[in-house]
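Before any comments, here is the structure.
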């Protein structure tokens with residue numbers, strides 16, 4: 754059983770719409786959650802981190818965490834073609850500063 | 003801040019040859035991670051160092067892989083002998099003391115023929 758799961762996609766969203774990316778995790782003791790963006794041929798870069806239940810907003814990005822249901826989401830408002838990338842969810846499970854990574858969701862924003 | 007530096011950026015070699023990948027973490031970061039990424043398996047953690055000491059090497063595929071961190075500013079990942087199935091992008095990442103946010107280098111794209 755995978756510890757961090759994401760739908761691989763691709764998820765196709767029209768420009769200007771809201772893109773919703775989801776991630777579930779298996780360990781109820783997880784404390785830290787991260788969303789990374791990876792453009793094709795590039796390295797992952799951090800978009801947002803979230804540690805508490807609820808929403809965290811940063812510009813067009815909102816991370817949502819629900820520990821009871823063991824999922825974390827990333828919403829991208831007013832999607833732009835430049836948002837087209839693979840989005841990786843990462844979770845700290847072992848409390849030793851290692852991250853467990855999902856397989857990533859490929860997002861395509863159609864102009 | 004120069005970010006995480008990796009070399010070489012691209013490596014093409016023949017099966018059986020030794021390959022050495024290099025990483026310079028961000029100055030002041032005390033944790034260093036080596037990852038391998040393929041389409042089939044995604045991002046896999048190979049080994050994790052903290053304060054230059056290997057903490058978890060359970061992801062190292064087999065004895066052909068070895069990693070060292072002789073000081074806080076340099077690490078190597080060596081594959082000997084290399085095989086075609088080792089073809090992948092190898093990333094190095096570092097993180098500051100007691101923080102989980104990891105900062106990735108540009109990666110080394112390895113092709114073993």
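Protein chains in written order, with the numbering used here: chain S, 754 to 864; chain A, 3 to 115. The beta carbon of each residue, even a glycine, is placed where N, CA and C say it ideally should be. As the structure is a computational prediction, the values presented were derived from the model and not from experiment.
| Item | Value |
| --- | --- |
| Run down chain A in chain order and give the residues with a C-beta less than 9 Å from the C-beta of residue 857 of chain S. | 44, 45 |
| Would residue 64 of chain A count as contacting chain S if we go by Cβ distances under 7 Å? | no |
| Tell me, to the nearest whole angstrom, how far the beta carbon of residue 50 of chain A is from that of residue 77 of chain A; I am working on the premise that it is less than 8 Å. | That pair is no contact at about 11 Å. |
| Which bits of chain S does residue 58 of chain A rub up against, with CB to CB less than 7 Å? | 851 |
| Report all residues from its chain with a CB closer than 6 Å to the CB of residue 774 of chain S; omit the five preceding and five following residues, and keep chain order. | 827, 840, 858 |
| Taking 7 Å as the threshold (beta carbon to beta carbon), is residue 110 of chain A in contact with chain S? | no |
| Comparing the C-beta of residue 788 of chain S with each C-beta of chain A, is any distance below 7 Å? | no |
| Please determine if the stretch 5 to 21 of chain A and the stretch 61 to 68 of chain A are in contact, where contact requires at least 3 C-beta pairs separated by less than 8 Å. | no |
| Measuring straight from C-alpha to C-alpha, what distance separates residue 819 of chain S and residue 810 of chain S? | 15 Å |
| Look at the Cβ atom of residue 856 of chain S, then the Cβ atom of residue 44 of chain A, and state whether they are nearer than 7 Å. | yes |
| Report back the beta-carbon spacing between residue 15 of chain A and residue 114 of chain A to the nearest angstrom; my notes put them in contact at under 8 Å. | 6 Å |
| Reducing DSSP to helix, strand and coil, say where residue 826 of chain S ends up. | strand |
| For the beta strand (DSSP E) that contains residue 816 of chain S, what are its first and last residues? | 814 to 819 |
| Would residue 845 of chain S count as contacting chain A if we go by Cβ distances under 7 Å? | yes |
| Assuming residue 837 of chain S and residue 770 of chain S are in contact, meaning their beta carbons sit under 8 Å apart, how far apart are those beta carbons, in whole angstroms? | So it is not a contact: roughly 13 Å between Cβ atoms. |
| So, using beta-carbon positions, are residue 61 of chain A and residue 48 of chain A closer together than 7 Å? | yes |
| What does the Cβ neighbour count give for residue 793 of chain S, buried or exposed, with the cut at 16 atoms within 10 Å? | exposed |
| My understanding is that residue 101 of chain A touches residue 20 of chain A, with C-beta atoms under 8 Å, so please give their C-beta distance in whole angstroms. | Not confirmed; about 34 Å, so no contact. |
| By how many angstroms is the C-alpha of residue 843 of chain S removed from the C-alpha of residue 852 of chain S? | 6 Å |
| By DSSP's criteria, residue 73 of chain A is part of a beta bridge. Which residues make up the other side? | A:76 |
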